[in-house]
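K.L.:
Quick one: this structure, given as structure tokens, is what I'll be asking you about.
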Amino acid sequence: MNNGPQISRLPKQKRTAQIKPELAVRWGKMNSPLGPLFIAVSDRGVCALEFGAAKPKFTKLPKTAARLEENSRAVAPIEAQLREYFVGQRSQFDIALDTSALTSFQRKVLEITRLIPPGHAWTYRDLAQRMGNPNAARPVGQALARNPIAIIIPCHRVIASDKSLGGYSGGSGLAAKRWLLRHEGVPS
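Count along the sequence shown from 1, add 569, and you get the number used in our numbering.
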């Protein structure tokens, strides 16, 4: 009989991995000129804003989001700012964001995107240059396509180098992007 120390047979990374705490995500729905908006918030801030569908999918939530519960009171402050935006009383948002589900590159792209002033549009290349890599326009576009917090993080303000709209993954696609740009006074 061997009474020596017992060695775990799990791989080292499994033995030492920390279990992340469960994250409750609360969500609510509001009507807008673009149709229903679905807003999801964690304790850290807004983690998703989806539109263009009858029901939320919330496919871009933080990986630690274990519980998803409908709670309109939790999203009321965000809803109030969005209502002000849609009636032209607000152009910037003062809202905490939870971008923990994103890579560091995606977070950097979205942080710089938030610097685009209302009423203006930058190109994907402009954004890449501000990140220090003017040749990264395509990866910048891919990061913007994964923006989980459309409208609040204004990826609609980013256009192609030829001044065409480029792409848009929010709502009804380019029709939504065109509406948002016109709403902010950007000719499209």
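Yeah, the Cβ is synthetic: ideal placement off N, Cα and C, and Gly gets one too.
Quick one: give me the first and last residue of the beta strand (DSSP E) that PRO605 is part of.
P.N.:
Looking at the DSSP string, the run of the beta strand (DSSP E) that includes PRO605 is 604-610.
K.L.:
Give the secondary structure of VAL678 by DSSP, where H, G and I count as helix, E and B as strand, and everything else as coil.
P.N.:
VAL678: helix per DSSP, three-state reduction.
K.L.:
Please report the straight-line C-alpha distance between PRO746 and SER673, rounded to a whole angstrom.
P.N.:
The sequence shown places Lys at residue 746, rather than the Pro named in the question. The alpha-carbon atoms of LYS746 and SER673 are separated by roughly 25 angstroms.
K.L.:
Taking Cβ to Cβ, would you say ALA705 is nearer than 8 angstroms to ALA697?
P.N.:
For ALA705 and ALA697, yes; Cβs fall inside 8 angstroms.
K.L.:
Please state if the CB of PRO625 and the CB of ALA670 are separated by a distance shorter than 8 angstroms.
P.N.:
Against a cut-off of 8 angstroms, the Cβ pair of PRO625 and ALA670 comes out as no contact.
K.L.:
Give the single residue among GLN711, LYS732, ALA645 and ALA649 whose Cα lies nearest to the Cα of ALA690.
P.N.:
Per the Cα distances, LYS732.
K.L.:
So, do the segment 674-689 and the segment 609-622 have three or more beta carbon pairs nearer to each other than 8 angstroms?
P.N.:
The answer is no - the segment 609-622 does not touch the segment 674-689, with fewer than three Cβ pairs under 8 angstroms.
K.L.:
Could one say the Cβ of PRO708 lies closer than 8 angstroms to chain D's Cβ atoms, at least one of them?
P.N.:
The chain inventory of the structure shown lacks chain D, comprising one protein chain alone.
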